[in-house]
Structures are given as C-alpha cells and as structure tokens.
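A.B. asks: The sequence shown maps to residues 614 to 1330 in my numbering. For each residue, glycine too, the CB sits at the ideal point set by N, CA and C.
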Amino acid sequence: VGSMLDVAWGDLIDYVGRDPHTSSILLYVESVGDARSFLSAARQVALNKPIIAIKAGRTEAASKAAVSHTGSLAGSAMIFDAAMERVGVLQVDRIAELFSMAEVLGKQPYPKGNRLTIVTNAGGPGVLATDALVEGGGELADLAPETLAALNEFLPPHWSRGNPIDVLGDGDAERFFRATEIAANDPSSDGLLVVLAPQDMTDPTATARRLAPLAQSFNKPILASWMGGPMMREAVEVLNQASIPTFEYPDTAARAFNYLQRYSANLRNLYETPALVSDDVDDAPGRNAATERIIAAARAGNRTLLTEFESKQLLSAYGIPTVETQIAQTLDEAIAAAERIGYPVVLKLYSLTVTHKTDVGGVELNLKSRDEVRAAYERIESTVSTKLGAPHFQGVTVQQMIRREGYELILGGTLDPQFGPVVMFGLGGQLVEVFRDRSFGLPPLNETLARRMMKQTKIYKALEGVRGKAGVDIKAVEKALIEFARMLVEQPCIKECDINPLLATPNGVVALDARVVLHDSNVNVADLPQPAIRPYPVDYVRNIELNDATPIRLRPIRLEDEPAMVEFHQTLSEETVRRRYFQMMHLSSRTDHDRLVKICYNDYDRELVLVADRHNPQTNRHEIIGVARLSRHWRGPTAEFAILLSDAWQHRGLGTQLLGLLIDVGRQEGIRRLIGQVLPGNPAMRRLCDRLGLRVWHDERDGLTRAELRLDDSDGA
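(1) When DSSP labels each residue in this structure, what does Lys725 get in the three-state scheme?
(2) Any contact between the region 1086-1097 and the region 1049-1062? By contact I mean 3 or more CB pairs, one from each, below 8 Å.
(3) Does the distance from the CB of Phe789 to the CB of Val732 come in under 8 Å?
(4) State the DSSP-derived secondary structure class of Trp1262, mapped to helix, strand or coil.
(5) So, is Gly684 buried or exposed, given that buried needs 16 or more other C-beta atoms within 10 angstroms?
(6) If we count the other Cβ atoms within 10 Å of its Cβ and call it buried at 16 or more, is Arg1099 buried or exposed?
(7) Please report the distance separating the alpha-carbon of Phe831 from that of Val849.
(8) Under a three-way DSSP split, which group does Trp1310 fall into?
(9) Quick check on Leu978: buried or exposed, where buried means 16 or more other Cβ atoms within 10 Å of its Cβ?
(10) Is the region 1013-1027 in contact with the region 956-964, if contact means three or more CB pairs nearer than 8 Å?
(11) Are Arg1227 and Ile1212 closer than 8 Å when you measure CB to CB?
(12) From this set, Asp647, Cys1106, Leu1131 and Val658, which residue's C-alpha is nearest Pro633's C-alpha?
(13) Measuring CA to CA, which of Ser1186, Val629 and His1206 is closest to Met1197?
(14) Could you say which of Met1178, Glu710 and Thr935 lies nearest to Arg1128 if we only look at CA atoms?
(15) Three-state secondary structure (DSSP) at Leu1322?
(16) Please return the same chain residues whose Cβ sits closer than 7 Å to the Cβ of Ala947, not counting the five positions on each side in sequence.
(17) Taking the C-alpha atoms as reference points, what is the distance between Tyr723 and Trp839?
(18) Tell whether a beta-carbon distance below 8 Å holds between Tyr1153 and Val1240.
(19) Please name the residue in Glu861, His1246 and Val1224 whose C-alpha comes closest to that of Pro1169.
(20) Which same chain residues end up closer than 6 Å to Ala792 when comparing Cβ atoms and leaving out the 5 residues on each side of it in sequence?
(21) Measuring alpha carbon to alpha carbon, tell me which of Arg1155, Val1130, Thr1118 and Leu1101 ends up nearest Ala1145.
(22) Are the beta-carbon atoms belonging to Pro1105 and Val1138 less than 8 Å from one another?
(23) Rounded to whole angstroms, what's the CA-CA distance from Asn871 to Gln1143? Just pull it up for me.
(24) Please state if the CB of Asp1029 and the CB of Ile583 are separated by a distance shorter than 8 Å.
(25) In terms of alpha-carbon separation, which member of Leu827, Glu1282 and Gly1002 lies closest to Ser964?
(26) Across the region 716-730 and the region 761-770, are there enough close Cβ pairs to call them in contact, namely three or more that are closer than 8 Å?
(27) Report the residue from Gly932, Leu918 and Ser653 whose alpha carbon sits nearest the alpha carbon of His969.
(28) Can you give the Cα-Cα distance for Met845 and Val851, rounded to whole angstroms?
(29) DSSP beta-bridge partners for Pro1169?
(30) Between which two residues does the beta strand (DSSP E) holding Gln704 run?
(31) Where Trp622 and Glu698 are concerned, what is the direct C-alpha to C-alpha distance, given to the nearest angstrom?
(32) Going by DSSP in three states, Arg1049 sits in which element: helix, strand or coil?
(33) Across the region 1108-1117 and the region 1023-1042, are there enough close Cβ pairs to call them in contact, namely three or more that are closer than 8 Å?
(34) Does the Cβ of Asp1140 have 16 or more other Cβ atoms within 10 Å, making it buried, or fewer, making it exposed?
(35) I'd like to check one pair, Ile907 with Glu923: are the Cβ atoms closer than 8 Å?
(36) Between the region 1116-1130 and the region 1250-1266, are three or more C-beta pairs nearer than 8 Å?
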C-alpha cells in the first residue's frame, strides 16, 4: 500500500473485514496515521475476524529508519501495544509468527486461560517449552489427582508424574494417544502441546494419525511439535490435515500458545461487561467551570506550569482526594498555617517555575513544632535562593503530614503524537524512573479497563495484600484512575500531568503531590492530536418529558448497560419484536451476551445507539424503555436508523423524541441521508416518520415501506 497517501488503515481494515474470502487479517505497521479510524475499524472487525499485527520501529534506530522510509513517525512502542490490546488486535514479534498465528487462530479453539499441559517423549524439549511458556506469561497446568491416577494406570513407573507428561522414549502411538486424551479431559488445563522427538522406538506418522481425531474432540487448542526436520514431513501433513498446527521446535509452539491465550484474553476483555458506574453528566458543568478558573489564572500570568496548589485544585474538581494544602508566602503565615492544620506538617517549596521540588531541597517532612517549621522554612528559602536565585522562591505550601502506611503510586498523563492523550499507572515515589514498573492505556477508561491497567504492573499483587499486610482500597485506586483519564480528555489544554505520589491505603487514596503542565497559550487545541478512542458524547444527553410528564433521560448507550438491555428485551411483546426485526426472534437470541455486547460496545463513530433511561421510583433503579440506533454505512455519508420501544411506553411521545434526537445527532455527525425500513403492518412507525418529515413510500420489490430523510436539504425533506 506504499506510503498510504490516499488510503487509511481504517479503510483497509474495513474492506478486508467485509471480504467473505478473508479469514484473518495480517498487518505490518510502521505508523497508524488516523488513530481513531484505525482503532475504530480494528475494534469492530476484531470481534469477527482475528487481526494480527507486527509493529516496526520498536527501537530508536529502527524508528529513524521508518521515518526515512515513509516520512511518518513510528510512535512509542508501549503506547502502540496498549492501543492494540484495547481493540483486540494480537501483536507478534517476528514475521514467522505473523503467519503461524494466522494458521493457529484459524484452526484451533481459543483457550479460556493460560494453563498449558505438555505431553512429550523427551525431557529436554519439555523443559525448553516450559521455559518459553513461563517467560511469555503462561503457566504449566497443575494436573488433577484423577488425571495423575489415570496416567499412572498405563505409563511406566518412572514417568515424570507431573506436567510436562513424559511418556518416555519408548512411547508408541497408543501411549501418546492415551496420555493426550486424559490430559485434554483435565479441567485445570486450557490447552495442550504434544512434542515428539525422533527416537528408535518412535513412529512419527503413526502417532500423528492416532492423535488426529483428538483435534475436534475437545474445546481446547491442541498444538504439536514434531522435531526432526524433513523426516517428519509425512507426519506433519497428517496433523495439518487434521487442523492441528505444527511447529519445528517446542519452544516456538509454547510461544504460539502464549499468543493464543493472550488473544483470547483480549477478546474476553472486549466482551466483558464492567460494573455499572454513576452517571456524572450532571457534574460536568460545575467541574468544567472550576478547571477553567484555575487554567485562566495560569494563562493570565503567562504560565504553562501550574503550582502544586493549583494542580491539586484541578484534581479535586475531578473527585480525586488531595491532602489539605495552604499557601504561605511568609514565615509567619507558614507557622499560622501549621497551627491551623495541626502537627506534624510538611513544608514544600511554592514556586511558579520549579517542577521537581525535592531536587532543589524544597521539601521538609514531619515537622512537629513551631521551631521546626521556622527552621525548615529558612532552609528551603536559603537552599532555593542559592541554587536557583531568590525569584524562584515565592513561599511554601503547608500540608498535613500523612502517615505513609500504604503504597506510593503514580498516575501520569501525556500527549502522544499519534494516539492523543495517554494514561500511565505504576509504582510511584522518588525511584519511579529506576523501577519503571508501569502500564499505559488510552482514555476514556471504565472500571474494567482501569483494573486491567493495574494488573499489568508488578505492584498490583502488593496492592491486593501480601505477606500478611492488608491490601489497599482497589476500588478507590480504580476511581482515581478513571477520573484522571476523564480529566485528560476533558481538558485538552493539559500537555503533561502526573500525581506522584498517589498514596494508596486500605482506607482510600490521597494525592500527596501533583504537577500539571499546560500547552502554550498560542497553541490551537483543535490542532492537537485528538483522543484515539472517542469519549462518551455527553452533548447527546437530553432530559425530556413524555406526554404524561414522565421524566426520561435520552443518552448514548454504555457498555455497562448490558444487564439493563436484557431486562428491556424481556418487556417486549412478540408483535413488537416482529415489527422491529421483520421476523420472530427468541428472547434467548436477543439477550445473548455476544450479541448484546456488540450493541453496547459502541464506538460512537460507526454506530451510535441512544437509550431512553427512566428512573423507576418503586425500585430506585434505572431501566431502559427505548432504544434508537444510527448505523453509518462504511462508504458514504448515509446511515440507517431503527427504533424499538418497550410495549408499556409506546404511544406516549417517546418515539417522536427519540427519532428527533437521532435526526439531530445525524446532522451533527455529518450524515447527509437517513434511511429506514418499516413493515407494512406497522402504521404507528409510518405516522412517526411522516410527522418528522421523512419521505415514506412502498417498495414493490420486497413489499417493505422505505423511509428517507435528506439531512443536507434546507427544508429537511
């Protein structure tokens, strides 16, 4: 595809994703170009076809070569990794793996976990496969007692009695078959690797023929490594015809299993429904007003660096707890602030120019008296004035001394030239750059995505509790990470931001220090990289009243809405279902998890689903009583619309308001033509279309009624 001057990744992925002759999509990527288009297309297609990518330019030297080759930035490898995982794309490291994984994903079921059972007739290859498995994040399955008992019945007395299962060098085809069949039935195993090394009593082809029927007998992947090169050609052909992927070396096969389970986990994460979160749409105006005041004050002073005090105010606006902080520009003010807060206290340099206060002697901890505060104030003033000059000292901030009985974390945010705002989570404190225990993610985040980011770090196991030490409040850490990501999306003028440390304890979290850097005032925010994942479109939230004055909120759907969508479908009559889907569709099919998650898992670009959300005063729960869908055609500015209302809420004005909002959304999204289909036996829907100005006619070709609205016409007809 060359330099892709007139074709974007999103276009290519869309095209091959719709091609019925394409079963897997392999990508060689140097740069992504339009990140939002790339990720939107990949996320939609990955739910139906595997996408496997290899990223070039992961090292600095290769990145420079990529720039000279295409003229495009290769981008950060770690951020690219986070983006691919977010949309279910499998990344590999070698070209050979690109093609071998296409074969594996096309032939074998996906594992439900990372536990592998190895069956081998040679100890060495089994050990090498185990090393590769564990190094790549997999685990050896712990064989169940009944599995060990069954193996003991026919294996020689000196077999390995564990995993890897060594059937020994004299293992014939029948011994291989029985060991593999028993291992496949073990519930603790998620997949199998069968390794055969050529030995005097080994018959590779007969063993392959005996194992071939097992390929379709279990809902687990079975991989094979028949070692021996050309002499194994016939046996390998037998296995391949049985859809058992083969590898020359056992460690290569183990790495393939790791890729397979990683891809399976990515898909499960895409399909996982996060816990319901509170609706924060009503909080946005007050939050934005508070942040605008803080940023305007910095702009007025021609500053791009917020003070620690201002940074904490910004965090507080997003509900992230901060330690109480007061500014003191004189010694007397510092002592008075310490008296008000209560000892012990912390003094930190207050400066409009200094970012890292510790580096210049600008932090004094655990001050327990007026005299200690006085001495600390004087030390900070003297040290900073000596190192940097007196103008860099504008006073101190006085804070309560927090007992650090927890873990110091870091939340960071930056702007990637390709993917826009990026969130970082990891181990914090002064040695953050030494340990480099961190993970990256793309905002916006929900509970599931935040937890996944946390689990990718080594510190996470300690956060859960280790060696008798109580775990921290994981939910509080999640919430802070979610709100931090929200801030990066809603405040595009932020160039860099970090909370270090964010102290996590069993009782919650508190931001002890924070730093925010703004873009220069002459930077046009519209020219900056936009979020690669489109944020929740709060502009499309409407509070309405039905004809009987019932209050309803119309809003875009969320992934968290899946349980409510199940309950919604339970309220639909057979006639309502027939009119919407033009045929009968059983409740179990309509509420199938795989189906609903594709509806709720909305990227708001290709498809936008609106729901009518009602607060039920009897149950004090929110329920969905209507759904409207706008599906954009992949080529051209045309979209198809559909509406479905709960039987109890029909003929009350809800359909009119839903379709009206759908039309408004279409205009704002750049849609020029809305089209829909109506069953002839659905006069209410036809009247609704007439009422809102759609052109309606009967199509003799299929007997359906068509509805169309040209959104680019001045009269709306």
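C.D. replies: Taking the definition as stated:
(1) In the sequence shown, residue 725 corresponds to position 112, counting from 1. If DSSP states are grouped into helix, strand and coil, Lys725 belongs with coil.
(2) At 8 Å Cβ cutoff, the stretches touch.
(3) Mapped onto the sequence shown, residue 789 falls at position 176. Mapped onto the sequence shown, residue 732 falls at position 119. Yes.
(4) Position 649 of the sequence shown, counted from the first residue, corresponds to residue 1262. Trp1262: helix per DSSP, three-state reduction.
(5) If you number the sequence shown from 1, residue 684 lands on position 71. Low per-residue confidence applies at Gly684: pLDDT is 41, beneath 50, and the placement is therefore not dependable, though the value from the model is reported in the following sentence. So Gly684 ends up on the exposed side.
(6) In the sequence shown, counting from the first residue as 1, residue 1099 sits at position 486. The residue in question, Arg1099, is buried, as its Cβ has 16 or more Cβ neighbours within 10 Å.
(7) The residue you call residue 831 lines up with position 218 of the sequence shown. The residue you call residue 849 lines up with position 236 of the sequence shown. When rounded, the distance between both Cα atoms is 20 Å.
(8) Position 697 of the sequence shown, counted from the start, is the residue given in the question as residue 1310. Residue state, collapsed to three classes: strand.
(9) As a working mapping, residue 978 is identified with position 365 in the sequence shown. With fewer than 16 Cβ atoms within 10 Å of its Cβ, Leu978 is classed as exposed.
(10) yes
(11) For the purposes of this step, residue 1227 is taken as residue 614 along the sequence shown, with counting starting at 1. For the purposes of this step, residue 1212 is taken as residue 599 along the sequence shown, with counting starting at 1. Their beta carbons are not under 8 Å apart, which means Arg1227 does not touch Ile1212 by this criterion.
(12) Position 20 of the sequence shown, counted from the start, is the residue given in the question as residue 633. It is Val658.
(13) Counted from its first residue, the sequence shown places residue 1197 at position 584. Checked all of Ser1186, Val629 and His1206; the closest Cα to Met1197 is Ser1186.
(14) Position 515 of the sequence shown holds residue 1128. Minimum Cα distance to Arg1128 is reached at Thr935.
(15) Residue numbering aside, residue 1322 sits at position 709 when the sequence shown is read from its first letter. In the three-state reduction of the DSSP assignment, Leu1322 falls in the strand class.
(16) Residue 947 sits at position 334 when you count from the first residue of the sequence shown. Excluding sequence neighbours, Ala947 sits near Ala941, Leu960, Val986, Tyr990, Val1009 and Val1011.
(17) Residue 723 sits at position 110 when you count from the first residue of the sequence shown. Residue 839 sits at position 226 when you count from the first residue of the sequence shown. In a straight line, the C-alpha of Tyr723 is about 22 Å away from that of Trp839.
(18) As a first step, residue 1153 must be located in the sequence shown, where it is residue number 540. As a first step, residue 1240 must be located in the sequence shown, where it is residue number 627. When the beta-carbon positions are compared, Tyr1153 and Val1240 stay at least 8 Å from each other.
(19) What you label residue 1169 is simply residue 556 of the sequence shown in a count that begins at 1. Pro1169 has its Cα closest to that of Val1224, out of Glu861, His1246 and Val1224.
(20) Indexing the sequence shown from 1 puts residue 792 at position 179. Once the five neighbours on either side are set aside, the close Cβ partners of Ala792 are Val732, Ile778 and Val780.
(21) Along the sequence shown, read from residue 1 onward, the residue named residue 1145 stands at position 532. With distances taken between Cα atoms, Ala1145 lies closest to Leu1101.
(22) Taking the sequence shown and counting its residues from 1, the one referred to as residue 1105 is at position 492. Taking the sequence shown and counting its residues from 1, the one referred to as residue 1138 is at position 525. Yes, these two residues count as a Cβ contact at 8 Å.
(23) On the sequence shown, position 258 is the one that residue 871 refers to. On the sequence shown, position 530 is the one that residue 1143 refers to. Looking at the two C-alpha atoms, the distance is approximately 33 Å.
(24) The structure shown has nothing for residue 583, since the chain only spans 614 to 1330.
(25) Here residue 964 corresponds to residue number 351 of the sequence shown, with the count starting at 1. Checking every option, the nearest Cα to that of Ser964 belongs to Gly1002.
(26) no
(27) Reading the sequence shown from its first residue, position 356 is the one you call residue 969. Of the candidates Gly932, Leu918 and Ser653, the one whose C-alpha sits nearest the C-alpha of His969 is Leu918.
(28) As a position in the sequence shown, residue 845 is number 232, starting the count at 1. As a position in the sequence shown, residue 851 is number 238, starting the count at 1. Cα-Cα distance, rounded: 10 Å.
(29) As a first step, residue 1169 must be located in the sequence shown, where it is residue number 556. Partner(s): Leu1223.
(30) Taking the sequence shown and counting its residues from 1, the one referred to as residue 704 is at position 91. Unbroken beta strand (DSSP E) run through Gln704: Leu703 to Val705.
(31) Numbered from 1 along the sequence shown, position 9 holds the residue referred to as residue 622. Numbered from 1 along the sequence shown, position 85 holds the residue referred to as residue 698. When rounded, the distance between both Cα atoms is 17 Å.
(32) Along the sequence shown, read from residue 1 onward, the residue named residue 1049 stands at position 436. Coil at Arg1049, not helix or strand.
(33) Per the Cβ contact rule, the region 1108-1117 is in contact with the region 1023-1042 (3 or more Cβ pairs under 8 Å).
(34) Walking along the sequence shown from the start, residue 1140 turns up at place 527. Looking at its Cβ environment, which holds fewer than 16 other Cβ atoms inside 10 Å, Asp1140 is exposed.
(35) Taking the sequence shown and counting its residues from 1, the one referred to as residue 923 is at position 310. Taking the sequence shown and counting its residues from 1, the one referred to as residue 907 is at position 294. The answer is yes: Cβ separation under 8 Å.
(36) no
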